[in-house]
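Have a look at the structure below before the remarks.
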Amino acid sequence: MPPSHQPERRSQPRPAVQKNAFILVGDNTGIPCIVRNIHSGGAELNVAAETELPVRFLLHVPSDGLAYRIVVCWRKSERVGVEFKSSEPWQE
């Protein structure tokens, strides 16, 4: 039996990417993650399933030279959907 296909509910296309990134929490401890797809309003991240995340955090994407202020929208095991609230140039 062929798999059923759900209609696409996304309002924007989300190009697949594989970008290394860091979730910055508390004292700016960096939790490694991968950005799986990204668009102007948000992204999907991969993090270790056992990693606890706050609802809001800063996401540093070195290849973009940016840090994004994030709100978590959903989570399924190691996959995390986030919404961008703002972005700023990353400064070491």
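Numbering-wise, the sequence shown is residues 1373 to 1464 according to our numbering.
C-beta atoms are modelled at their ideal positions from N, C-alpha and C, and glycine is treated no differently.
Just so we're clear, the structure is a prediction, and the values are computed from it rather than from any experiment.
Our contact map puts residue i next to residue j with C-beta atoms below 8 angstroms; I'd like the distance itself, whole angstroms only.
i: E1416; j: V1452; result: 7 angstroms
i: P1387; j: N1409; result: 6 angstroms
i: W1462; j: L1431; result: Not quite, the Cβ-Cβ distance comes to about 10 angstroms (not below 8 angstroms), so this is no contact.
i: L1425; j: I1395; result: 7 angstroms
i: E1450; j: A1420; result: 6 angstroms
How is residue i classed by DSSP in three states: helix, strand or coil?
i: P1404; result: strand
i: Q1463; result: coil
i: H1377; result: For H1377, the predicted structure reports a pLDDT of 49, less than 50, and the residue's modelled location is therefore unreliable. A value from the coordinates is still provided. In this structure, H1377 counts as coil in the three-state DSSP scheme.
Less than 7 angstroms separating the Cβ of residue i from some heavy atom of the ligand ADP?
i: L1431; result: For the structure depicted, the ligand ADP is absent and the ligand set is empty, with no information on it obtainable.
Can you find a CB in chain E that lies within less than 8 angstroms of the CB of residue i?
i: L1396; result: This model lacks chain E altogether; it includes just one protein chain.
3 or more residues per run - each beta strand (DSSP E) lying fully within the region 1403-1458
1414-1418, 1428-1433, 1438-1448
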